[in-house]
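Here the numbering used here = 1-based position in the sequence shown + 50.
Quick reminder that beta carbons are idealized off the backbone N, C-alpha and C, glycines included.
Some notes on the structure that comes next.
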Amino acid sequence: MPVDNGGVVVVGGGMAGWAVVEALRALDQHLPIKLISACAADRYHKPELSVAISRGRNSRQLVKQSAADAAQALNVQLLAHTFVINIDSAAKTIHTTRGDFGWDKLVLAAGATPTLPETLPPSLCWRVNQLGSFDKLFAVLAQKPQHVAVVGAGMIGTELAEDMARAGHRVTLIDRTPHPLGGLLPPQAGTKLQAALAAQGVTYLGQTHVENLSRLADGSYQLQLQDGRGNPTVLQADQVVAATGLAIDSRLPERAGVLFHPQHGIVVDEHSLQTSQPDIYALGDCVGINGQSCRFIAPLRRQAETIAAEITGTEHSGYEHTDPVVRLKTRSVGVEVLGRPQPGAAWQVEADNADALVLYQPQSGGQNARVTLTLRG
51 MPVDNGGVVV
61 VGGGMAGWAV
71 VEALRALDQH
81 LPIKLISACA
91 ADRYHKPELS
101 VAISRGRNSR
111 QLVKQSAADA
121 AQALNVQLLA
131 HTFVINIDSA
141 AKTIHTTRGD
151 FGWDKLVLAA
161 GATPTLPETL
171 PPSLCWRVNQ
181 LGSFDKLFAV
191 LAQKPQHVAV
201 VGAGMIGTEL
211 AEDMARAGHR
221 VTLIDRTPHP
231 LGGLLPPQAG
241 TKLQAALAAQ
251 GVTYLGQTHV
261 ENLSRLADGS
271 YQLQLQDGRG
281 NPTVLQADQV
291 VAATGLAIDS
301 RLPERAGVLF
311 HPQHGIVVDE
321 HSLQTSQPDI
331 YALGDCVGIN
341 GQSCRFIAPL
351 RRQAETIAAE
361 ITGTEHSGYE
371 HTDPVVRLKT
381 RSVGVEVLGR
391 PQPGAAWQVE
401 ADNADALVLY
411 QPQSGGQNAR
421 VTLTLRG
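Have a look at this one:
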């Protein structure tokens, strides 16, 4: 039997979960709310993790508000360090490591977790996706300058590589694509980004993947690499950081009986953000909207406000998903991507000078994709 019934249960103590709590409280001061989090649920701006090392900011300095203080201020029952075991949608009961709880409305804000290829054992590499792991890496790197291999040159990997180089470490950035941010940037822009990173001391190994990772007797790591032509090489590093993408755990959504896409996550209605189950909503990194993943910070507030309005019966115009502007937090070069670039489609140059490169990709039936690089030196 549930410990207690009624109200709203929010699963996830990250930015998405707290955004929903704030939006609900703005509409209803007395609605019972529980927030269940596998971590401590302290409030911080997660994107700052990838640029905090060079600024000497540890987890204590990144936290804006403790979870306990936030829960008290928002009149929320907080269940931190609590794991959800099962969700019974028919009985409206959530089973956790701290007991069973009933709910009238359920919000899934569980986010996504780093995914690793088989060649990167989790015990041999760092993943910087939450405060606990970041703090341990911060402490290790603070001991002395080291050689860090960053595997994955997407947004997080690229930002981390530059940040660690600025902190005085020797950094090798490894990716299968010819240049950093290969999934977003055309070659002309990627080449300029690579040059800006090189000026900061980042060595980029493009068209390269890790065949094997092992630990040596002296505590360092050996990466067996292979380039696009099949040539093997060996790289030795003091630390290995994996930034190889995110995955969404399907177990809870499937147990709750909500529709789940293996690539994009929990399928939600594009206007209400309700899942395929009545009274269950989802937002943030764990959802897919119109067949697209939604792993951006910018839409979180609008998503939270939409769900809060749905739950409280407040009139609203419905959520309208738009592609956010993606901005890289590198300091050597500003990178801004608008829209969704299509792989293989042609790019046209709008401006190319000593200060900036602007490219656009004509797209039928919508706004052109646009990439802007601002050279900062």
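In summary, Glu360 is buried, with 16 or more beta-carbon neighbours lying within 10 Å of its beta-carbon over all protein chains present.
Within the same chain, and ignoring the five residues on either side of Leu210 in sequence, the residues whose Cβ sits closer than 7 Å to its Cβ are Ser100, Val178, Val200, Val291, Ala293.
Taking each of Met65, Leu235, Arg75, Gln392 in turn and checking the Cα distance to Val408, the smallest one comes out for Leu235. Gln286 and Leu275 have their C-alpha atoms some 11 Å from each other.
If the five residues before and after Gln257 are omitted, its C-beta is found closer than 6 Å to the C-beta atoms of Pro228, Asp277, Gly278, all from its own chain and listed in chain order. Between the alpha carbons of Asp225 and Leu378 lies a distance of about 17 Å. Counting other Cβ atoms within 10 Å of its Cβ, Arg110 stays below 16 and is therefore classed as exposed. Around the beta carbon of Pro172, a 10 Å sphere encloses fewer than 16 other beta carbons of the protein chains shown; the residue is thus reported as exposed. Counting along the chain, Lys114 sits inside the beta strand (DSSP E) bounded by residues 113–115. DSSP lists Val134, Gly149 as the beta-bridge partner residues of Thr146.
Residue pairing for Tyr254: DSSP places it in a beta bridge opposite Leu223.
Close CB contacts of Ala348 within its chain, under the 6 Å cut and outside five residues either way in sequence, are with Pro374 (chain order). The residues Thr222, in chain order, have a CB closer than 6 Å to that of Thr253 in the same chain once the five nearest residues on each side in sequence are set aside. With respect to Leu156, Ile330 sits close: the two C-beta atoms are nearer than 9 Å. Of the candidates Pro195, Gln313, Pro391, Val284, Pro391 places its Cα closest to the Cα of Gln411. Beta-bridge partners of Phe310 (DSSP): Ile316. Annotation for Ser183: Trp176, Arg177 place their beta carbon closer than 7 Å to its own, counting only its chain and skipping 5 residues before and after. At the C-beta level, Val59 and Ile144 come within 9 Å of one another.
Contact between the stretch 124–140 and the stretch 232–250 is absent: fewer than three C-beta pairs spanning the two stretches fall below 8 Å. Secondary structure note for Arg420: its beta strand (DSSP E) is the uninterrupted segment 419–425.
Pairing Glu355 with Val70, the inter-Cα distance amounts to about 7 Å.
Contact annotation: the stretch 323–338 touches the stretch 292–308, with at least three C-beta pairs closer than 8 Å. The DSSP-derived three-state label of Lys242 is helix.
A distance below 7 Å between beta-carbons, with the five flanking residues on each side excluded, links Gln196 to the following residues of its chain, in chain order: His219, Asp288, Gln289. Judged by DSSP in its simplified three-state form, Ile357 adopts helix.
Annotated three-state conformation of Ile206 is helix, per DSSP. The DSSP-derived three-state label of Asp185 is helix.
In summary, Ala120 is buried, with 16 or more beta-carbon neighbours lying within 10 Å of its beta-carbon over all protein chains present. According to the DSSP secondary-structure assignment, His197 is paired through a beta bridge with Arg220. The alpha carbon of Gly363 has as its nearest neighbour, out of Glu72, Val190, Gly64, Leu77, the alpha carbon of Leu77. DSSP places Pro282 within a strand segment (E or B) once states are collapsed to three. Glu212 carries a helical assignment under DSSP once its states are collapsed to helix, strand and coil.
By DSSP's assignment, Tyr271 forms a beta bridge with Arg265, Ala287.
In this structure, the straight-line span from the alpha carbon of Lys114 to that of His80 is close to 25 Å.
For the pair Leu296 and His314, the Cα-to-Cα distance works out to about 10 Å. Contact check for Leu388 against Lys242 fails: the beta carbons are separated by 9 Å or more.
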